[in-house]
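Taking it in order: structure first as structure tokens, then the write-up.
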Ligand code: SF4
Ligand code: SF4
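In the working numbering, the protein residues as written are 8 to 378.
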């Protein structure tokens, strides 16, 4: 890919060109001591000079010695809430003189340009696309917003302690699904195009000539540094062995620590569990059906036909890990984990799914249990 240089002082041009092209610009900023994605109107809102310290059960922002705006890796949320909304009205019903009248909830979508997504975020997007768009019944709400999405990805120049995207094959380089891609250097950005829409924006920017060999070398060195990660998820063939170890005592060991709070599933960019709820007005004249995010850690998520299928926490943790790491391979052709590490740092008791998976795939001692 041919890349051109965008000086740091011209980054605001990218915002104005996107805005003039009709996009709402969404990107990272600091809120409540975390990096969150929100609507941005100017570059000053980006998290300049901020970086996260992420460890099991720990997330903290700190100042960096550089004045970069992409010196962090992840926040609690990536792209998921912008496409798969936490609360999505599905239909409304109204009592009329002719009887009950049903109508589909309106589909609200508009052009959004998201800046700052990483390789792991793009891998998660691909998986969510498979879930929501493939098959005979694509989700119309997801689809409408997905079609109006413009992505400016960023190659990671560093990894957090919790990152393991190298072992899942999803980072630290952004290699697909973007319109524009950036490498952040001290003096500015190397910018490449990934689509015709990206090219149309690219052409309106004040870009330097093709980047120098030194700049390319620096960008490659940054990627090599970011590839040095401490954690390694077992490979996919090994992860399939989880299904052979359903009675491993480690399921109880992790359940003794797990609070079943569901944080891990809420921050996970690939989790898609949902539930539906109905509400009606006090006169029972109008009703609404809403889809809400749910979690396999919720007791009610395993409630079917008067029975709780996963009454204990060990059953729910087993469901999460087995589905995410093993059963997704049959369902979607790969594991459902993209190595972002969010579930590790946002777990209040610091449960590390990589460490759990490494123990569970070994298939050591079996203690037959009731389930
Ligand atoms: S399971 Fe954890 S590390 Fe894997 S994609 Fe989900 S949040 Fe990221
Ligand atoms: S693994 Fe951690 S984040 Fe997930 S439900 Fe258990 S305590 Fe909560």
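Even for Gly, the Cβ is constructed at its ideal location relative to N, Cα and C.
In this text, all values refer to a predicted model and were calculated from it rather than measured experimentally.
Put residue i into one of helix, strand or coil per three-state DSSP.
i, result
"residue 176", "coil"
"residue 359", "coil"
"residue 133", "helix"
"residue 167", "coil"
"residue 228", "helix"
"residue 247", "helix"
"residue 17", "helix"
"residue 377", "Its pLDDT being 45, under 50, residue 377 is placed unreliably by the model, and the measurement read from it follows with that caveat. Here residue 377 sits in coil by DSSP."
"residue 272", "helix"
"residue 61", "strand"
"residue 144", "coil"
"residue 88", "helix"
"residue 68", "strand"
"residue 217", "strand"
"residue 290", "coil"
"residue 111", "strand"
"residue 98", "strand"
"residue 316", "coil"
"residue 24", "helix"
"residue 124", "strand"
"residue 368", "coil"
"residue 53", "coil"
"residue 267", "coil"
"residue 238", "coil"
"residue 253", "coil"
"residue 212", "coil"
Pull up the CB-CB distance for residue i and residue j, whole angstroms please, since I reckon it's below 8 Å.
i, j, result
"residue 252", "residue 367", "6 Å"
"residue 58", "residue 71", "5 Å"
"residue 343", "residue 277", "5 Å"
"residue 329", "residue 250", "6 Å"
"residue 239", "residue 171", "6 Å"
"residue 112", "residue 98", "6 Å"
"residue 12", "residue 206", "Not confirmed; about 17 Å, so no contact."
"residue 217", "residue 9", "6 Å"
"residue 256", "residue 365", "Actually they are not in contact, since the Cβ atoms of residue 256 and residue 365 sit about 15 Å apart, beyond 8 Å."
"residue 139", "residue 77", "Between residue 77 and residue 139 the Cβ distance is about 28 Å, and since that is not below 8 Å, they are no contact."
"residue 127", "residue 233", "Contact doesn't hold; Cβ gap of about 11 Å is too wide."
"residue 63", "residue 351", "5 Å"
"residue 321", "residue 303", "13 Å between Cβ atoms; not a contact."
"residue 183", "residue 129", "6 Å"
"residue 349", "residue 274", "4 Å"
Give me the DSSP bridge partner(s) of residue i.
i, result
"residue 190", "197"
"residue 103", "106"
"residue 119", "31 and 156"
"residue 307", "Answer is none; residue 307 lacks a bridge partner."
"residue 345", "Paired residue(s): none; residue 345 is not in a bridge."
"residue 38", "41"
"residue 12", "197"
"residue 161", "189"
Go to residue i, then tell me how far its beta strand (DSSP E) extends in each direction, as first and last residue.
i, result
"residue 42", "41-46"
"residue 298", "293-300"
"residue 352", "Residue 352 -> not in any beta strand (DSSP E); alpha helix (DSSP H) instead, spanning 349-352."
"residue 283", "281-287"
Got a sec, what are the start and stop residues for the alpha helix (DSSP H) residue i sits in?
i, result
"residue 336", "335-339"
"residue 182", "Per DSSP, residue 182 belongs to no alpha helix (DSSP H) and is neither H nor E."
"residue 77", "Run containing residue 77: none; DSSP gives neither H nor E here."
"residue 207", "203-209"
"residue 261", "257-264"
Any heavy atom of ligand 3 inside 7 Å of the beta-carbon of residue i?
i, result
"residue 356", "Judged by which ligands are present, ligand 3 is missing from the structure shown, whose ligands are ligand 1 and ligand 2."
**Message:** Taking contact to mean 3 or more Cβ pairs, one atom from each stretch, closer than 8 Å, check whether the stretch 75-85 and the stretch 161-173 are in contact.
**Reply:** yes
**Sufficient close CB pairs (3 or more, under 8 Å) joining the stretch 303-320 to the stretch 121-131** = no
**Asked** With contact counted as at least three CB pairs below 8 Å, one residue from each stretch, are the stretch 33-40 and the stretch 207-218 in contact?
**Response** no
**Request:** Could you tell me whether the stretch 351-360 touches the stretch 185-198, using the rule of 3 or more Cβ pairs below 8 Å?
**Result:** Counting Cβ pairs under 8 Å, fewer than three are found: no touch.
**Asked** Are three or more beta carbon pairs between the stretch 221-232 and the stretch 189-198 nearer than 8 Å?
**Response** Contact between the stretch 221-232 and the stretch 189-198 is present, because at least three Cβ pairs lie under 8 Å.
**Asked** Would you call the stretch 285-305 and the stretch 100-111 touching, i.e. three or more CB-CB distances under 8 Å?
**Response** Taking 8 Å as the limit for Cβ pairs, the verdict is that the stretch 100-111 does touch the stretch 285-305.
**Item:** Touching by the beta-carbon criterion (3+ pairs, under 8 Å), the stretch 131-143 and the stretch 84-95
**Value:** yes
**Asked** Counting Cβ pairs closer than 8 Å, one from the stretch 331-340 and one from the stretch 282-290, do we hit at least three?
**Response** no
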